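Engineer:
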Amino acid sequence: IKLGSIDIDGADGDIIREFRLSDFLPGDVKPLSAADSTIIVTVEIEHLETREFKIPTDSVALSGKDADNFNYTNFDWAATDGKGNIRLRLKGRPDRLDQIKTSDLKATVEMPTKQGSYPKWPVIFTVDDDIEIVGEYFVGFEMTPVPTATLPPEKAAR
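Under our numbering, the first residue of the sequence shown carries the number 21, and numbering increases by one thereafter.
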């Protein structure tokens, strides 16, 4: 049975609506008793809040980092507290946010494969499906080739 939509605009608590079953049944079908003639629908309104979690930048995994061939310098973490922590904002039910430990939050930067200047590269956070990440998070850095040692021409010819 499709009851239609229930307007929740402006609701700050649960909403209870009653529907007459006879409004949804074909004309030749009747409820068995008066007790069965009403459908009660309760819409539970979940209150969400936003909280800030501090993630140390030195705990961010740099996936695909090629330290043998590239130097990574001048890291500039956006949305930090000035003390080496990313200020990650998460939105969810208060009881779910209470369960989150900073140590459980994982952050990754998928490092590029070519040298260059990367002023705004995404930081990826992994959270449960019922938690929303508020905003976008980035890091800037330089990626340059590791210098290779070369012998002077007079020593290389020997």
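We put the beta carbon where it would ideally sit given N, CA and C, even for glycine. Computed from a predicted model, the values in this text were never measured in an experiment.
Name, in chain order, the residues that DSSP records as bridge partners for Lys121.
Structural biologist: According to DSSP, Lys121 bridges with nothing at all.
Engineer: Which residue or residues does DSSP assign as beta-bridge partners of Val154?
Structural biologist: Answer by DSSP bridge pairing, in chain order: Arg109.
Engineer: Give the straight-line distance between the Cα atoms of Lys3 and Arg107, rounded to the nearest whole angstrom.
Structural biologist: The requested residue 3 is not part of the displayed model; the chain covers only 21 to 178.
Engineer: The beta strand (DSSP E) spanning Gly136 covers which residue range?
Structural biologist: Gly136 to Pro142 is the span of the beta strand (DSSP E), which, as asked, contains Gly136.
Engineer: Taking the alpha-carbon positions, what's the Met131 to Gln119 distance?
Structural biologist: The straight-line gap from Cα to Cα measures roughly 30 Å.
Engineer: By DSSP's criteria, Glu162 is part of a beta bridge. Which residues make up the other side?
Structural biologist: DSSP output for Glu162 lists Thr93 and Ser137 as bridge partner(s).
Engineer: Drop a sphere of 10 angstroms on the beta-carbon of Leu110, count the other beta-carbons inside from all chains shown, and report buried for 16 or more, exposed for fewer.
Structural biologist: With 16 or more Cβ atoms within 10 Å of its Cβ, Leu110 is classed as buried.
Engineer: Let's see if you can read the secondary structure: which residues bound the beta strand (DSSP E) around Val214?
Structural biologist: Because the chain spans 21 through 178 in this model, residue 214 falls outside it and cannot be assessed.
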